[in-house]
Amino acid sequence: MVSPAELPTSEVRDLPKDGLVLLDVREDDEWAAGHAPAALHIPLGELPSRVGELDKLPEDQPVYVICRSGGRSARAAAWLNATGWDAVNVAGGMGAWAREGRHMVAENPDATPEVL
Numbered sequence: 001m002v003s004p005a006e007l008p009t010s011e012v013r014d015l016p017k018d019g020l021v022l023l024d025v026r027e028d029d030e031w032a033a034g035h036a037p038a039a040l041h042i043p044l045g046e047l048p049s050r051v052g053e054l055d056k057l058p059e060d061q062p063v064y065v066i067c068r069s070g071g072r073s074a075r076a077a078a079w080l081n082a083t084g085w086d087a088v089n090v091a092g093g094m095g096a097w098a099r100e101g102r103h104m105v106a107e108n109p110d111a112t113p114e115v116l
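Each residue of the sequence shown is one higher than the one before, starting from 1 at the first, in UniProt numbering.
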């Protein structure tokens, strides 16, 4: 595993606006409350058993990994990099996503998206 200082990290403001490959590793209730519209959801605890789902993502782009604040996504990105993926931790997580004004959706279409 890479050390935290060596882990590729990106600020939300520096993420690509188009073609972003985003993996959300938060729990189901956090996801349901609010998430990035095009993100793939695999909770951190399920990532090892569901990593095959990443095979459908574009191979020529890094997988940006996000959680609420950056801790779980750092662990996920480190594990993904150690297993051969090109993964980047999103610093500040969905909290930073919301502060940057990036679009979010909730599973309930009548709810206002929020970060839990």
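Note that the Cβ used here is the ideal one computed from N, Cα and C, for glycine as well.
Residue i versus residue j: straight-line alpha-carbon distance, rounded
i    : j    : result
E114 : G101 : 12 angstroms
Q61  : L7   : 17 angstroms
V51  : D110 : 31 angstroms
G95  : S69  : 6 angstroms
Assigned secondary structure, residue i (DSSP; H/G/I helix, E/B strand, else coil)
i   : result
S10 : strand
D24 : strand
N89 : strand
L40 : strand
V51 : helix
Residues near residue i in its chain [Cβ-Cβ closer than 6 angstroms; skip 5 each side]
i    : result
M104 : G34, P113
Spatial neighbours of residue i in its chain, beta-carbon cut-off 8 angstroms, leaving aside the 5 residues before and after
i   : result
A91 : T9, S10, E11, V12, G70
Inter-stretch contact (C-beta, 8 angstroms, three-pair minimum) for the stretch 72–91 and the stretch 39–54: Result yes; three or more Cβ-Cβ pairs closer than 8 angstroms.
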